[in-house]
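Structure first, commentary second.
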């Protein structure tokens, strides 16, 4: 087995930005010379420059080639040690062998990184408490954005700047860098971090290689087996001039989730005449109480089953040309497709969310049990029940073409350039059937289980004659993201202690989203016997362990039968013009930077100092609804940011270094907030719109890190960090004349009802107060090679991050509340124990993320909404049957950890689900 990078080549990679002559000249043969040169190209697109680090390694150790997980960890240690800025890296264990099957789940092992999950796998990341909107993702040196969708409770369609990492198969990648402290040479845009993804290239491993793998994926809840496979073919010429690589990866995941949702809790709205006289009068009086007397109940208590079926395809091509040490050309191609269907079946008590005469006000209360401010058990009459059935067909297609060149016209001068295009197109087609039955008994009881109650129904849940069709609702959403990027960088080795760098970047980004829909009630009241399963494939609660009284079956719509009957010709859909949004961003940026090497009191000092300037021009287009008619409106905005940065590493001893970084960075406003679409109500003189005049998030950051590298495979660090974010986007209502808003006067019509000088109430996102974020990271990583016998094959990794930040959230135009930052987990931690020999090995990993908020306020009288703490445990085993053949076994979420969403500080359940354990068994063959 050949390692992706030996520790020496990992250092060469980090050094290449500033010491390319050394990296190439020391290569003993053309093939390894080409590989070292390739690391130079890789590093040109990665974070911040680095001067050579000098690990305390014995000369004979440099001939040792370490492979597998241990080798990838050593490479990551060396990459961090050599960097000027604060960077954590993950390296593939071998060709097409990333440490986890999902990129997000690999990245979560890095200190300070947390993930959100969808359908049982990682989807988006948050870094040090800042959500995915604040993290830039670059792919082969180009900024990238790929999006998909999820269930409504997890955010639905992604129209944000957050990157959905579940689109890509991990087998396509060789390395991931998470840059937390930037240099001026790094593109602006990621206040939290910049994540650099690198696909495979032929000179990563010179020579001819053919690697193929196949796995069987089994989800215990779904009880189905699905395939996963990958193929990599790579070759380089013997003279190290040409290299070509193609790779393909395909996987299918079938996961079923069981759960309970309330769609928030609310209070009030009852018709007290329908409340039994047997109920305590004091409690009866509180049913419509307010403040501390309010009694809360679930808005839509429901059981649900989500059936997720994902098919993921990834293709890459890489072609490299190295005619000399002074000239390199690299072409990277990537195509990815994620096709998924999600079938949602839920059984709802619908009346509680409707406050009209046929809803809550018709409902009777026979008995109830109250704990604190919550009705935790009750028996009702006249409740409408609904079988809600939804089919989402999701398609994301992503493509990238990136061309990189490096030219050394003179020994001290290096010029590199990158041009590329990429795009992400996401479409979701949603078909919903709602079946209804009216005015029945219903009960719920949370006393034995406050996450999944026992619910009783006074109607047959499986008799089609008791139900009727209520609504058929088709929807289509489309989201497009398109990039055009060009970069030019120049580096000049002015002296032995200074390298001068400068560069320029042009980026054109276009975001487009539209949606279409129609509510069809023409067949309301239709019988449903021919629309539902005769023999249902679903049984509720397998992953939850619910009580025997919980229903396992209800009427599930069979979409294969229902769609041809109800919608044989395709219902014409109406474009929802108010949701049309388009943002075009053009950014011209440049930087100047000096990489330095010096000494302080005999201690080596290296680092970089620079400044970046970015000029952003935004054109935002939306549709404003005036009198029921959509009127297009466009705004333009320009702003300039000067972004200084400094990174220094002081080598206090041969194995100890102190790192300091300070920088200013920005994250541009969220896309939906920028678009000017909304509604103008002339009669009430109110306007509800986006805000194309928003300023970006701006932040000043400081990082410290004290690091000890006792051995080549050991690393210990402690690092405090601090960010001052100058403003957060919040919603605000302001009074101003219509003329001052900049919106077209034509929206006022003939001005008989309202005139331009009249005062309107404008509700829109604004730049609100900022906040400070502070925390500390602690890291310990060590291979236990000092232990005797077989124990020397053990190793461990532990990291812990504590972060704190509170900010003010507007409740009304004049009041606010101070709560933790949305998305911030105060504590997160990772632990991995591994055992590895040349023949066999394995690891077990645990990831903990503390409770975090998702909304302030939480709506319906709840002060907050959020997600409770969770710990995920994964494990993997391998056996090298021969030098070419490897057998693997992996397990994900071995403890069947639940996803637990809540509302209010009282921890009322909002959504609680489990998807079971996931197992993968496979083989890997290498030529």
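In this note's numbering, the protein residues as written are 445 to 1371. Using N, Cα and C, we set each Cβ at its ideal position, and we do this for glycine too. Here the structure is a predicted model, which is why all the values come from computation and not from measurement.
Around residue 612, the same chain offers 547, 758, 780 as residues with beta carbons nearer than 7 Å, after the five sequence neighbours per side are excluded. Distance from the Cα of residue 1300 is smallest, within the candidate group 1294, 1308, 1293, for 1308.
Going by C-alpha positions, residue 1141 is about 7 Å away from residue 1172.
Buried is the label assigned to residue 998, since at least 16 other Cβ atoms lie within 10 Å of its Cβ. DSSP links residue 719 through a beta bridge to 809. Check the Cα spacing between residue 520 and each of 948, 1145, 1158: the tightest is with 1158. Beyond the five residues adjoining it in sequence on each side, residue 1167 comes within less than 6 Å, by CB distance, of 1143, 1145, 1217 in the same chain, given in chain order.
Residue nearest to residue 996 within the set 778, 954, 1261, 899 is 899 (criterion: CA-CA distance). Burial check for residue 1180: the Cβ neighbour count within 10 Å stays below 16, so the residue is exposed. Beta-bridge pairing by DSSP links residue 1221 to 1163, 1245. Per the Cβ contact rule, the region 1043 to 1061 is not in contact with the region 999 to 1007 (fewer than 3 Cβ pairs under 8 Å). Taken through DSSP and simplified to helix, strand or coil, residue 1013 comes out as coil. At the C-beta level, residue 760 and residue 678 stay beyond 7 Å of one another. As for any beta strand (DSSP E) of minimum length 3 sitting wholly inside the region 858 to 929, the runs are 898 to 901, ordered along the chain. Per DSSP, residue 726 is one residue of the alpha helix (DSSP H) stretching across 725 to 730.
Across the set 657, 1128, 1139, the C-alpha of 1139 shows the shortest separation from the C-alpha of residue 1083.
The beta carbon of residue 942 is closer than 8 Å to those of 1038, 1039, 1040, 1041 in its chain, skipping five residues each way along the sequence.
Residues of the same chain with a CB within less than 6 Å of the CB of residue 1079, apart from the 5 flanking positions on each side, are 1064, 1120, 1136 in chain order. If the five residues before and after residue 1212 are omitted, its C-beta is found closer than 8 Å to the C-beta atoms of 1171, 1172, 1173, 1174, 1176, 1252, 1254, all from its own chain and listed in chain order. When the alpha-carbon of residue 586 is set against those of 952, 1282, 1286, the nearest one is in 952. Residue 644 is not bridged by DSSP to any residue.
Residue 1297: member of the beta strand (DSSP E) spanning 1296 to 1299, first to last residue. Cα atoms of residue 598 and residue 842: separation of roughly 22 Å, rounded to the nearest angstrom. Assignment of residue 1008 by DSSP, reduced to helix, strand and coil, places it in the helix class.
Non-local C-beta neighbours of residue 856 in its own chain, meaning closer than 7 Å and more than five positions away in sequence, comprise 936, 937, ordered along the chain. Runs of the alpha helix (DSSP H) lying entirely within the region 932 to 990 and spanning at least 4 residues: none are present. Excluding residues up to 5 positions away in sequence, 1095 lie with their Cβ nearer than 7 Å to the Cβ of residue 1048 in the same chain.
Residue 1047 is bridged by DSSP to 1044. Between residue 1205 and residue 1130, the CB-CB gap stays under 7 Å.
Inter-residue distance for residue 852 and residue 933 is about 12 Å (C-alpha atoms, whole angstroms).
Taking the C-beta atoms as reference points, residue 728 is found no nearer than 7 Å to residue 739. Note that the region 799 to 812 touches the region 708 to 720; at least 3 beta-carbon pairs, one per stretch, sit closer than 8 Å. The continuous beta strand (DSSP E) containing residue 1310 extends over residues 1309 to 1311. Remark: three or more beta-carbon pairs, one from each stretch, lie closer than 8 Å, so the region 825 to 837 and the region 781 to 796 are flagged as touching.
Taken through DSSP and simplified to helix, strand or coil, residue 1182 comes out as helix.
Apart from sequence neighbours up to five positions away, the residues of its chain that approach residue 1357 with a beta-carbon distance below 7 Å are 701, 702, 703, 1342, 1343, ordered along the chain.
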